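First to last, the sequence lines map onto chains A and B. Just so we're aligned: the first sequence equals residues 1 to 225 in the UniProt record's numbering. Just so we're aligned: the second sequence equals residues 1 to 225 in the UniProt record's numbering. Everything on this sheet refers to the single structure shown next.
2 protein chains.
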Amino acid sequence: MSNCEQCIVRQFNSLKSLTKDELIRISGCKTSKTIKKGQLIFDEGENVNGVYCIREGICKLTKLSANGRDQIVKLVVKGDLMGQRSLVSEEVTNLSATALSEMEVCFIPKHEIMKDLQGNSNFSLDVLQHMAKDLREADNVIVNMAQKSVRQRLAEALLYIHRTFGTTDEGMLRVILSREDYANIVGTATESIIRILSQFKKDDLITTKGKQIKIEDLEALGRIE
Amino acid sequence: MSNCEQCIVRQFNSLKSLTKDELIRISGCKTSKTIKKGQLIFDEGENVNGVYCIREGICKLTKLSANGRDQIVKLVVKGDLMGQRSLVSEEVTNLSATALSEMEVCFIPKHEIMKDLQGNSNFSLDVLQHMAKDLREADNVIVNMAQKSVRQRLAEALLYIHRTFGTTDEGMLRVILSREDYANIVGTATESIIRILSQFKKDDLITTKGKQIKIEDLEALGRIE
DNA sequence: TTTAAAATATGATATTTGTCATAGTTTAAG
DNA sequence: CTTAAACTATGACAAATATCATATTTTAAA
C-alpha cells in the first residue's frame, strides 16, 4: 500500500506544504488508480469532487470549442496536481482530461483537501502560488495565440515539449502526440501541422520516425519567423 | 479620508472576507491615488509591491509580444483587485496596466496583504477562488483565440464589453476603446478591425459615433460565423 | 500474418487575414 | 477657432491558412 508521506512525487507539488499528520490522513483516504492510454479521466461539465496527484504518465487537458474541435489547454505530467481549480471554485470542471500514456494517479476526495486548504495557510498559499503561475503561463499562451503564426506556434510547441518533458535515449521527444493533437495545441487544421512538419524536415530542423519526433536544431527552431 | 470599512467597492472583491480589525489596519496603511486617462500604472517587469483596489474607472492589462505589439489580456474595472498574482508569486509583474479612463485607486502595500493571506484562511480562499475563476476565463480566451476567426473574436469582444461593462443612456458601450485597442484584444491588425466594424455597420449590427459604438442587434452579433 | 482502419502526406484551390499606400475625419493642443 | 497629430477608412495586392480530394503509410485488430 503506497504512502503519501514517503511518496517522491509529492515534492513537486503543493502537497509538500502539508504537515506529517495531514499527510497521514490524506494517505488514509486517497485511492490509487491505473489509467490506460487514451482513457478519459474526467469530462467537461463533470463534478470532479477531488484532486488527482499524478504519480506516473502524461495527460492532456482539453476544452471543446463551439466549432466542435478540442483545444489542448495544458499538458499535465508526473508530479502535477489536477482538479484544484474546480475544487476551489465549487463548480463543475471546464476541462476534460485524457491520458496520453499509461498513468498512475492518486485521487484525494474534495472535503479532505478542503480541510487542509482552510486549516493550513502554508498549503493554501502554495496552491495559490501554483495557480498564479498557471495564470501567468496562460497569459503567455494567449499572447502567442493572438500574435504569432501557426508556424511559430508549432515551433514553440515542439520546443516547449522538448524543454518540459525531455527526450528518450535516442533523442526523440518523450511525449508522443498525434498530428491532430499538435493541431489541437496550436489551434489549426491537422493538414497544416503535417505540412509544416514536412517543411521542418526539409529544412533539417527535425526528423521523424512514425509518430516520434526528434529536434535536430533547437536554435534554428527557436528562430522560426 | 476614505475608510475601507465603509467602502462599497470592497463588496465586489476578496477584501470582503477580511475582518473588521483587518480592514481598519488596511485602511490605515493604504494610499489613495487619482490616475489620468492613458497613464501607465505599472509596467511589465516592475515590482508592483502591493495590490490595487479600483474605486473608479477602467484600465487594461497588456503584455508585449515578441513582434512588438501589445496584447490586451484583461480589462479591470471598479470593484476589481489588481496585482494579486505577482504579489503571491513573489515575482515581477508579467503585465502592464494602463488607465483607459480617469481612475481612483487605493494601493495596499504587499506585506500588509500578505499578513492577511497567511492569517485569514477565509481571505486566502476567496483570493484563490477569484484566481481559479480568472484561470477558467483564460482557458476560454485561449480556445477562442485558437479556434475562431478574427470576425468572430471581434463580435465576442463587443458582446463581452456590452455584457460586462454595460451601456450609457444612449445605448453606447460604456468602455470606449480605440480601433487599435480592439485589435490588441482580438490579436489582429488595426485595419482588419476597421474593415470588420465597417461590415458590421453595413449589416446593421452596430452603429458608431466617433469612437463610440452601439450594438444594435445583440442576437445577430452572437450568431456571427 | 493479413487486413481494415486510422493516421500521415500532398496537391489544388478558396478564403481569410496582413501589409502597404493613400485619403478623409476626429480630437485635442495652442 | 485653427491646425497638427492621431485616428479611421478603404483599395490593391500579398501571404498565410483552411478546405476538399486523394494517395500512401502506419497501426492495431482479427
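Just so it is clear, CB atoms sit at the ideal spot from N, CA and C, and this is done for glycine as well. Computed from a prediction, not measured in an experiment: that's the story for all the values here.
Counting along the chain, where does the alpha helix (DSSP H) carrying residue i start and finish?
i	result
Cys4(A)	Premise fails: Cys4(A) is in no alpha helix (DSSP H) and is neither H nor E.
Ile161(A)	150 to 165
Gln199(A)	190 to 202
Gly171(A)	Run containing Gly171(A): none; DSSP gives neither H nor E here.
Arg179(A)	179 to 186
Glu112(B)	110 to 119
Bridge partners for residue i per DSSP, in chain order?
i	result
Lys33(B)	Val105(B)
Met145(B)	Partner(s): none; Met145(B) has no beta bridge.
Thr93(B)	Beta-bridge pairing links Thr93(B) to no other residue.
Glu56(A)	Glu104(A)
Ile72(A)	Thr62(A)
Ala99(A)	Cys59(A)
Gly222(A)	Looking at the DSSP assignment, Gly222(A) forms no beta bridge with any residue, so it has no partner.
Val127(A)	None; Val127(A) has no bridge partner.
Val88(A)	None; Val88(A) has no bridge partner.
Gly50(A)	Pro109(A)
Can you tell me whether residue i is buried or exposed? The criterion is at least 16 other CB atoms within 10 Å of its CB, across all chains shown.
i	result
Leu158(B)	buried
Gly119(A)	exposed
Ser2(A)	exposed
Leu218(A)	exposed
Asp70(A)	buried
Glu5(A)	exposed
Gly57(A)	buried
Glu170(A)	exposed
Ile24(B)	exposed
Gln199(B)	exposed
Leu40(A)	exposed
Gly210(B)	exposed
Gln147(A)	buried
Arg10(B)	buried
Ile142(A)	buried
Lys20(A)	exposed
Lys74(A)	buried
Ala189(A)	exposed
Gly83(A)	buried
Asp181(A)	buried
Ile8(A)	exposed
Thr168(B)	exposed
Would you mind reading off the limits of the beta strand (DSSP E) that contains residue i?
i	result
Phe42(A)	40 to 42
Asp80(A)	Run containing Asp80(A): none; DSSP gives neither H nor E here.
Lys209(B)	206 to 209
Lys214(B)	212 to 215
Assuming contact is defined by CB atoms lying nearer than 7 Å, are residue i and residue j in contact in what I supplied?
i	j	result
Lys133(B)	Ser89(A)	yes
Ile72(A)	Asn144(A)	no
Ile113(A)	Val175(A)	no
Glu216(B)	Ile206(B)	yes
Glu139(A)	Asn94(B)	The residue you asked about is not Glu; residue 139(A) is Asp in the sequence shown. Yes, the Cβ-Cβ distance between Asp139(A) and Asn94(B) is below 7 Å.
Leu173(A)	Ile213(A)	yes
Asp80(A)	Ile108(A)	no
Ser86(B)	Glu44(B)	no
residue 231(B)	Ser124(A)	No answer is possible for residue 231(B): the residues shown for chain B start at 1 and end at 225.
Val105(B)	Arg153(B)	no
Lys30(A)	Glu102(A)	no
Ile194(A)	Arg179(A)	yes
Val76(B)	Cys59(B)	yes
Leu221(A)	Leu128(B)	no
Ser121(B)	Ser121(A)	yes
Glu46(A)	Asp116(A)	no
Leu135(A)	Leu135(B)	yes
Arg163(A)	Ile196(A)	no
Ala99(A)	Ile26(A)	no
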